[in-house]
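Shown next, in structure tokens, is the structure this report addresses.
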Amino acid sequence: MAPLLDSRVLKAYQELHFDITIDGSVSYAGYFDARKQSITLREESDTVYHELGHFVAFIAGNVDTKANFQAIYQQEKNSFTGSRRIYAIQNASEYFAECFREYTLNPATLKSTCPQTFEAITNALDKITDNQVAQAKAFYGSIWTK
42 MAPLLDSRVL KAYQELHFDI TIDGSVSYAG YFDARKQSIT LREESDTVYH ELGHFVAFIA
102 GNVDTKANFQ AIYQQEKNSF TGSRRIYAIQ NASEYFAECF REYTLNPATL KSTCPQTFEA
162 ITNALDKITD NQVAQAKAFY GSIWTK
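According to our numbering, the sequence shown is numbered sequentially starting from 42.
In structure tokens, the structure reads:
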């Protein structure tokens with residue numbers, strides 16, 4: 042469903058027992074739910090990369106909420122040229138997720154238009170290590186049911 046996904050993300054997603062569900066009855070394009078360990082999509086599409094961007098931010102330590110990324114968001118959001126620009130620039134979390142989609146599908150464009158964002162996503166990916174996954178399991182294991 043996400044053939045271009047970075048192998049570190051796929052490995053973490055699988056090891057943490059997250060899943061992806063297609064539900065044509067939902068009103069939204071996609072939804073990431075860390076508590077339920079899931080992504081729900083209305084249909085199979087590249088929206089999966091946006092929702093996986095939320096997973097990346099989460100597993101890398103909620104990097105989309107940190108002050109340094111908030112500053113990058115403020116500096117570069119108006120330079121973002123992706124097809125879902127209006128949605129992406131509404132807040133730092135959606136910006137990170139949509140930029141992860143662009144990072145996966147159009148990396149050269151993202152790197153040229155939003156270089157600090159590109160670097161922040163690269164750094165987030167580098168944080169997805171076996172140790173980080175183990176820490177997530179230990180911390181969230183009591184609330185996760187899978």
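Glycine is no exception: its CB is placed at the ideal position from the N, C-alpha and C atoms.
Keep in mind it's a predicted model, so treat the numbers as computed, not measured.
With a cutoff of 8 Å on beta-carbon distance, E135 and G123 are scored as not near each other. Classified as buried, E143 has 16 or more neighbouring CB atoms from the shown chains inside 10 Å of its CB.
Closest option to E84, judged by alpha-carbon separation, among Q78, Y69, H95, L93: Y69. Annotation for I162: the continuous alpha helix (DSSP H) segment containing it runs 156-167. If you compare the alpha carbons of D74, Q116, K118, T81 with that of A98, the shortest gap goes to D74. Where S134 is concerned, the enclosing alpha helix (DSSP H) starts and stops at 133-146. One alpha carbon belongs to A53, the other to N119, and they sit about 32 Å apart.
Under DSSP, T81 takes part in a beta bridge, and its partners are T62, Y72. K152 sits in a helix when the DSSP states are folded into three classes. Annotation for N103: no alpha helix (DSSP H) segment contains it, and DSSP assigns it neither H nor E.
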